[in-house]
Amino acid sequence: MATAETTRAPAKMGLVQPALLLVGAAFLLADLYLIFAYVPTERVMGIVQRLFYFHVPTVWVGFLAFFIVFVSSIAYLVKRTDVWDRRAYVAGEVGMLFLTVAMVTGAIWAKPVWGTWWVWDAKLTTTFVLWLIYIGYLMVRAYAPDRQRGARWAAIVGIVGFVDVPIVYYAAELWRSLHPELVTGPFAETGSLESSMRATLYFSTLTFMLLFVYLFRERTAQRANEQALDELRARLG
Amino acid sequence: MSTYLRAAMAIYWKDVTVEARTKETVFGVLVFALIVTFIFKFTFDPAPRVVALIGPGIAWVAYIFAGIVGMGRTFVLERDRGTLEALLLAPVPREAIYLGKLAGAFTLMIVVEAAMLPVFVVLHDLSFLSLPFAATAVLATVGLAAVGTLFSAIAVQTRARELLLPLLFLPVTLPVIIAAVSSTSLLLEGGGWREVGEWLRLMLAFDIAFLVLSSWAFESVLEE
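Line by line, the protein sequences give chains A and B. Read left to right, the first sequence gives residues 294 to 530 (my numbering). Read left to right, the second sequence gives residues -2 to 221 (my numbering).
Laid out in structure tokens, this is it:
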């Protein structure tokens, strides 16, 4: 299956990765300053609303990661090159991390504002289901008898899972119209954002994107080295 | 096209014949569904008033759990007897194998669903029988079988087959589960075609999407 890549030297990251790390760290510090010192405290929700600048960017990056899983999985099934499998796998792994952070910050934010940790509205249900599907995505590989099959099956789960997302959303929305909950309170919609808040949100999103790119590249290189090592071991018997 | 359908039919008939002679799976699955509803009786003890509220949930949990057990076996026999390789060597398109297996899983589930209807009447005083319910059951079962056949072909080749199938199957089929339960609830409350129309359309969309996607993806599942 693996062709010319068998004798590849360990992946070289060059200067891009350290540079990304430095820039990312600087952005993260600036982001923390914006979130905790610059942006005004939201009048109604109070200090806890600052979680918003962690929650929303991690949701966005999490969903973006799963879009990368979807695209890379299709590319892998069509082209069958290891590099697309690595991209899909790493995006799934890092996306899972971001989505977990998003769900945890969301729950912590929801408790004081909505009075409950969790509501089953369309957004939350869809996020939760996506999270479950990608646990399955990572598990399929772990249980597969060999890497090629694990990669193929995971690609199928990645594609099926992504196509499922809008259908889950629609079903959950339709379901909610039959089962209205009363807890959503006055903050169900965020409404329009004040300009400094919007600027902080965008900056924070950029910061988390940088973090994602850094982790993605780091893990992809690690994964390539892992596979090169496995192949060497296999050849030595 | 006609050789394609003939191959799918041949695989379907083989499975139906094997099942008709041994009755291994259908009885096991049926008894399992029976036990699930019986357990519900004692975990919730639904009063007659509540039964209409949670009855559709009881029925569909029983159907879906039984479906997982049944579909888990779709490829197990082939693997245990070593006939999976023979099936793969057959000069037929892989989509035909998928379609044949899917039809088998669908038939098994529909038989179990129909056989359970009188059980719900006796044990829970629940009668679902109506034409819109039949449409709900058929559309839901097509969707469940489409996803279940794909994933059980994956799961059977792994080390953790019984574990992996529900983990993959249940989250993906959530829209069908929501639609089937909601539609059944609406019918139980006296609704008709018009009330459940949107749910039926949702399931139809799911069925088409996953039939197309799964028959395309199936090729990659069975490759060596």
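Backbone N, C-alpha and C fix where the C-beta goes; we use that ideal spot for every residue, glycine too.
Please tell me whether residue i has its Cβ less than 8 Å away from any Cβ of chain A.
i, result
"Thr71/B", "no"
"Pro129/B", "no"
"Thr22/B", "no"
"Phe62/B", "no"
"Thr155/B", "yes"
"Pro90/B", "no"
"Leu27/B", "no"
"Ile151/B", "yes"
"Phe41/B", "no"
"Ala202/B", "yes"
"Val139/B", "no"
"Pro53/B", "no"
"Val119/B", "no"
"Glu159/B", "no"
"Leu199/B", "yes"
"Leu164/B", "yes"
"Thr193/B", "This sequence places Val at residue 193/B; Thr is not what is there. Val193/B does not count as touching chain A."
"Pro168/B", "yes"
"Glu220/B", "yes"
Identify, in the order they occur along the chain, each residue of the same chain with its Cβ nearer than 8 Å to the Cβ of residue i, setting aside the five sequence neighbours on each side.
i, result
"Tyr507/A", "Gln310, Leu313, Leu314 and Gly317"
"Leu201/B", "Leu136"
Say whether chain B places a C-beta atom closer than 8 Å to the C-beta of residue i.
i, result
"Gly355/A", "no"
"Val337/A", "no"
"Val376/A", "no"
"Val371/A", "no"
"Val412/A", "no"
"Leu494/A", "no"
"Leu392/A", "no"
"Val397/A", "no"
"Val453/A", "yes"
"Leu471/A", "yes"
"Thr296/A", "Reliability fails at Thr296/A, whose pLDDT of 46 lies under 50, so the model's placement of it is uncertain and the value that follows must be treated cautiously. By this cut-off, Thr296/A is not an interface position."
"Ala527/A", "no"
"Val476/A", "Note that Val476/A scores 44 on pLDDT, short of 50, meaning its location in the model is unreliable; the coordinates nonetheless yield the value given after this. Cβ-Cβ to chain B under 8 Å: no for Val476/A."
"Phe480/A", "Its pLDDT being 47, under 50, Phe480/A is placed unreliably by the model, and the measurement read from it follows with that caveat. Not an interface residue."
Whole angstroms are fine: how far does the CA of residue j sit from the CA of residue i?
i, j, result
"Phe496/A", "Gly408/A", "29 Å"
"Ile428/A", "Ala384/A", "13 Å"
"Lys98/B", "Ser365/A", "29 Å"
"Glu110/B", "His121/B", "15 Å"
"Ala517/A", "Arg379/A", "7 Å"
"Ala358/A", "Val352/A", "10 Å"
"Ala330/A", "Tyr346/A", "13 Å"
"Ala6/B", "Leu81/B", "Checking the displayed sequence, the identity of residue 6/B turns out to be Met instead of Ala. Near 17 Å, if we compare the C-alpha coordinates of Leu81/B and Met6/B."
"Trp468/A", "Val28/B", "31 Å"
"Pro261/B", "Asp42/B", "Any question about residue 261/B goes unanswered here, given that chain B covers just -2 to 221."
"Pro129/B", "Arg510/A", "52 Å"
"Ala464/A", "Gly307/A", "47 Å"
"Met389/A", "Gly355/A", "7 Å"
"Gln441/A", "Val371/A", "14 Å"
"Leu529/A", "Asp523/A", "10 Å"
"Ile36/B", "Val337/A", "47 Å"
"Leu327/A", "Tyr95/B", "55 Å"
"Arg526/A", "Leu344/A", "47 Å"
"Gly25/B", "Ala177/B", "24 Å"
"Asp77/B", "Leu219/B", "16 Å"
"Ile174/B", "Trp57/B", "7 Å"
"Val349/A", "Phe391/A", "11 Å"
"Ala157/B", "Tyr430/A", "14 Å"
Once the 5 residues before and after residue i are set aside, which same chain residues still bring their CB inside 6 Å of it?
i, result
"Val33/B", "Ala59 and Phe62"
"Ser180/B", "Thr133, Val193 and Trp196"
"Phe320/A", "Thr500 and Leu503"
"Val362/A", "Ala381, Ala384, Gly385 and Gly451"
"Thr155/B", "Leu161"
"Phe480/A", "Caution is warranted here: a pLDDT of 47 is assigned to Phe480/A, below 50, making its placement in the model unreliable, and the coordinate value is therefore given only provisionally. Val406."
Closer than 7 Å by C-beta to residue i: which residues in its own chain qualify, once you throw out the five before and the five after it? Chain order, please.
i, result
"Val579/A", "The structure shown has nothing for residue 579/A, since chain A only spans 294 to 530."
"Glu335/A", "Gln342"
"Tyr75/B", "Here residue 75/B turns out to be Glu, not Tyr, going by the sequence shown. Excluding sequence neighbours, Glu75/B sits near Leu81 and Leu84."
"Ile367/A", "Ile452"
"Ala400/A", "Trp410 and Trp411"
"Met490/A", "Val332"
List the residues of chain D that residue i touches, going by C-beta distances under 9 Å, in chain order.
i, result
"Glu75/B", "Within the model displayed, chain D is absent; protein chains A and B are what it includes."
Next on the checklist: Under 8 Å, CB to CB, which of the residues in the segment 421 to 451 of chain A have a partner in chain B?
Outcome noted: Closer than 8 Å at the C-beta level to chain B, one finds these residues of the segment 421 to 451 of chain A: Val422, Leu425, Ile426, Ile428, Gly429, Met432, Val433, Tyr436, Ala437, Pro438, Arg442, Arg445, Trp446, Ala448, Ile449 and Val450.
Checklist entry - Taking one C-beta from the segment 96 to 116 of chain B and one from the segment 60 to 74 of chain B each time, how about it: are there three or more such pairs within less than 8 Å? => result yes
Checklist entry - Using a Cβ cut-off of 8 Å, which residues of the segment 457 to 468 of chain A contact any Cβ in chain B, in chain order? => result Asp457, Ile460, Val461, Tyr463, Ala464, Ala465, Leu467 and Trp468
Checklist entry - Is there contact here, the segment 427 to 441 of chain A with the segment 203 to 215 of chain B, by at least three beta-carbon pairs under 8 Å? => result no
Checklist entry - Do the segment 45 to 52 of chain B and the segment 145 to 162 of chain B meet, that is, are 3 or more Cβ pairs less than 8 Å apart? => result The segment 45 to 52 of chain B vs the segment 145 to 162 of chain B: no contact.
Next on the checklist: Residues of the segment 171 to 191 of chain B in Cβ contact with chain A at a cutoff of 7 Å, in chain order, please.
Outcome noted: Leu171, Pro172, Ile175, Ala176 and Ser179
Item to check | Contact set between the segment 204 to 216 of chain B and chain A, restricted to residues whose Cβ is under 8 Å from the partner | outcome: Ala206, Phe207, Leu210, Ser211 and Ala214
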